[in-house]
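All remarks here apply to the structure that follows.
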Amino acid sequence: MALAALAGAFVADQTGIPAYLLPAASTIDVSATDYALYGMLGCACAMVGIGIMRLIASIEGTVKRSPLPLWGRPVVGGLLLIPLAMASPQVLSSGHGALHLDLTTHLPLLWIGALLLLKCLASGISLGFGFRGGLFFASLFMGTLVGALFAGLLAWATGVPVLDPTSAALAGMAALAPAVVGAPMTMAMLVLEGTHDFLLTSVVMSAVLVSSTLVRQWFGYSFSTWGMHLRGETIKSARDVGWVHNLNAGRMMRKGVATTPAELDVASFRQRFPLGSGTRVVLIDSEGHYAGIVQIPRLYADGVAADAPVANYAENRDVALPASADVVSVMERFDQTQADELTVVGIDGQVLGVVSEAFVRKRYAEELDKRQRELMGERAGRRLSRRPAPACSTGPAFPLHPAVAGCR
Numbered sequence: 001m002a003l004a005a006l007a008g009a010f011v012a013d014q015t016g017i018p019a020y021l022l023p024a025a026s027t028i029d030v031s032a033t034d035y036a037l038y039g040m041l042g043c044a045c046a047m048v049g050i051g052i053m054r055l056i057a058s059i060e061g062t063v064k065r066s067p068l069p070l071w072g073r074p075v076v077g078g079l080l081l082i083p084l085a086m087a088s089p090q091v092l093s094s095g096h097g098a099l100h101l102d103l104t105t106h107l108p109l110l111w112i113g114a115l116l117l118l119k120c121l122a123s124g125i126s127l128g129f130g131f132r133g134g135l136f137f138a139s140l141f142m143g144t145l146v147g148a149l150f151a152g153l154l155a156w157a158t159g160v161p162v163l164d165p166t167s168a169a170l171a172g173m174a175a176l177a178p179a180v181v182g183a184p185m186t187m188a189m190l191v192l193e194g195t196h197d198f199l200l201t202s203v204v205m206s207a208v209l210v211s212s213t214l215v216r217q218w219f220g221y222s223f224s225t226w227g228m229h230l231r232g233e234t235i236k237s238a239r240d241v242g243w244v245h246n247l248n249a250g251r252m253m254r255k256g257v258a259t260t261p262a263e264l265d266v267a268s269f270r271q272r273f274p275l276g277s278g279t280r281v282v283l284i285d286s287e288g289h290y291a292g293i294v295q296i297p298r299l300y301a302d303g304v305a306a307d308a309p310v311a312n313y314a315e316n317r318d319v320a321l322p323a324s325a326d327v328v329s330v331m332e333r334f335d336q337t338q339a340d341e342l343t344v345v346g347i348d349g350q351v352l353g354v355v356s357e358a359f360v361r362k363r364y365a366e367e368l369d370k371r372q373r374e375l376m377g378e379r380a381g382r383r384l385s386r387r388p389a390p391a392c393s394t395g396p397a398f399p400l401h402p403a404v405a406g407c408r
């Protein structure tokens, strides 16, 4: 990709094609106050981005619950877009032409605010009613409106132009896009590539970082991962997490575990399971369903009645893992129960096996280490070192799950 980009730039330069430049007017010197103001702009873009994503999800959910047929949803959406387009054609399409027009024309504040509201509604209606497309360039266009509106409101509140409207619009463009679609560094470099203005890019970076960080902390999703979340997925970033779902309790459990009826008395249990024959036994009820786990040494302790049922000494009677539970859910359940082993059951409640906490954490650490090596470009089967990989890395490329943060 880098080679293709460089080749394209060299060819364009040799053929005399003028560079694509966005209008940037750095007429005001950048100070520490400007960085704070652009950080506030990033905060505003974060809130607008979260609002846009929730608006689209709300409209989409309402449409799905409505009796409209699939073929009728785009029709109704198109009818709803007609009055918005009559107010301004800029609300249609992605806003390529409108972006350049608004950057070079100083519009009234009321019109900028109305145009931003109409564009948000148009995007929500389009995607909510089943239109194809996304929010990449639409977020750039709406970001310019947020930036211009922010600069205009500052000038109206103070009585003097605090921020250059064009520079604020470009900063808003770069700050709203990562709030919606992600890729903060890409959006910041887009401003640098489009303006060749390093001074402007420095303040744009502050807005981009604030916007991206706040959306990550307050909301946790980009537009694409938010859609996956609404469909039941747990992904929050572009990193492949499919291995988390594949590494489930059914794959990690130990089959062939010892079982015994829950109504069995302690004396019979001692005859069947002598001290030292194991550590734990899974109890099952009369229908073969899971009824708890009992520790063998506990039933040999003083004070245990020989005629009492072993069910009286069972642990985690109502705690079991489905075979489909992923490794993260399994570790969270271990954290909640503080148990060393948990039983895996089927859909009908039948005992399938037992999974231990130590093995689950070991497998999670191994898979995490494997994904880290793949992320760094190391091929499967080839290691940078001949020494075996540690079970738990002390400096991961991304944060470990809290359940294994204390692994040694």
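In this text, residue positions in the sequence shown follow full-length UniProt numbering: the first is 1, and each later residue adds one. Backbone N, C-alpha and C fix where the C-beta goes; we use that ideal spot for every residue, glycine too. Note that the coordinates shown come from a computational prediction; the quantities given were computed from them, not determined experimentally.
For residue i, report the span of its beta strand (DSSP E) as first-last.
i: alanine 308; result: Per DSSP, alanine 308 belongs to no beta strand (DSSP E) and is neither H nor E.
i: glycine 278; result: Counting along the chain, glycine 278 falls outside any beta strand (DSSP E), and DSSP gives it neither H nor E.
i: serine 356; result: 351-356
i: threonine 343; result: 341-345
i: threonine 259; result: 259-261
i: valine 294; result: 290-295
Within 10 angstroms of the Cβ of residue i, are there 16 or more other Cβ atoms? Answer buried if so, exposed if not.
i: glycine 49; result: buried
i: asparagine 246; result: exposed
i: lysine 64; result: exposed
i: methionine 252; result: buried
i: arginine 387; result: A caution first: arginine 387 carries a pLDDT of 48, below 50, which makes its placement in the model unreliable, though a value can still be read off. With fewer than 16 Cβ atoms within 10 Å of its Cβ, arginine 387 is classed as exposed.
i: lysine 119; result: buried
i: glycine 406; result: Low local confidence applies: a pLDDT of 45 at glycine 406 is under 50, so the model's placement there is unreliable, with the coordinate-based value given in what follows. When all chains shown are included, glycine 406 counts as exposed.
i: methionine 1; result: exposed
i: cysteine 392; result: Because the pLDDT at cysteine 392 is just 44, under 50, the model does not fix this residue reliably, and the value given afterwards should be weighed accordingly. That one is buried.
i: glutamine 90; result: buried
i: leucine 368; result: buried
Could you check the C-alpha separation between residue i and residue j for me, to the nearest Å?
i: arginine 383; j: glycine 42; result: Per-residue confidence for arginine 383 stands at a pLDDT of 47, beneath the threshold of 50, marking its modelled position as unreliable; no derived number is given.
i: isoleucine 56; j: methionine 331; result: 34 angstroms
i: methionine 376; j: glutamate 366; result: 16 angstroms
i: asparagine 316; j: valine 354; result: 13 angstroms
i: proline 309; j: serine 356; result: 26 angstroms
i: valine 345; j: leucine 352; result: 5 angstroms
i: methionine 189; j: leucine 199; result: 13 angstroms
i: serine 31; j: leucine 116; result: 29 angstroms
i: glycine 113; j: glycine 97; result: 18 angstroms
i: alanine 339; j: valine 328; result: 16 angstroms
i: methionine 86; j: phenylalanine 334; result: 58 angstroms
i: tyrosine 38; j: valine 162; result: 11 angstroms
i: serine 325; j: asparagine 248; result: Sequence inspection shows alanine at residue 325; the serine mentioned does not correspond to that position. Cα-Cα distance, rounded: 5 angstroms.
i: alanine 267; j: glutamine 336; result: 32 angstroms
i: tryptophan 111; j: serine 123; result: 18 angstroms
i: proline 274; j: glutamate 374; result: 48 angstroms
i: proline 69; j: isoleucine 82; result: 21 angstroms
i: threonine 279; j: tyrosine 221; result: 44 angstroms
Assuming residue i is part of the alpha helix (DSSP H), what are its boundary residues?
i: serine 206; result: 198-218
i: glutamate 193; result: 184-195
i: glutamine 14; result: 2-14
i: proline 165; result: 165-181
i: valine 76; result: 72-87
i: residue 470; result: Absent from the structure is residue 470, since the part of the chain shown begins at 1 and ends at 408.
i: glycine 147; result: 136-158
i: serine 286; result: Run containing serine 286: none; DSSP gives neither H nor E here.
Confirm, please, whether the CB-CB distance from residue j to residue i is below 9 angstroms.
i: leucine 176; j: methionine 142; result: yes
i: histidine 289; j: glutamine 372; result: no
i: serine 167; j: isoleucine 52; result: no
i: leucine 192; j: glycine 172; result: no
i: valine 180; j: leucine 127; result: no
i: aspartate 265; j: aspartate 302; result: no
i: alanine 169; j: methionine 187; result: no
i: valine 244; j: threonine 259; result: no
i: cysteine 45; j: serine 211; result: yes
i: alanine 323; j: leucine 342; result: no
i: residue 413; j: leucine 214; result: The structure shown has nothing for residue 413, since the chain only spans 1 to 408.
i: leucine 121; j: leucine 84; result: yes
i: glycine 182; j: phenylalanine 131; result: no
i: arginine 270; j: tyrosine 300; result: yes
Considering only residues of the same chain and omitting the five flanking positions on each side of residue i, which have a CB-CB separation below 8 angstroms?
i: residue 463; result: Nothing about residue 463 can be read from this structure; the chain reaches only from 1 to 408.
Only counting the same chain, and skipping five residues up and downstream in sequence, which positions put a Cβ closer than 7 angstroms to that of residue i?
i: valine 11; result: none
i: proline 165; result: His106, Ala148, Ala151 and Gly152
i: proline 184; result: Pro178, Val208, Leu209 and Ser212
Can you list, in chain order, the residues of its chain with a C-beta nearer than 6 angstroms to that of residue i? Leave out the 5 residues immediately preceding and following it.
i: serine 385; result: In this prediction, serine 385 scores a pLDDT of 45, lower than 50, which makes its location untrustworthy; the coordinate-derived value is nonetheless stated afterwards. Excluding sequence neighbours, serine 385 sits near nothing in its chain.
i: glutamate 60; result: Gly128
i: histidine 100; result: none
Report whether the distance from the Cβ of residue i to the nearest heavy atom of the ligand NAD is below 8 angstroms.
i: leucine 92; result: This structure lacks the ligand NAD; in fact it carries no ligand of any kind.
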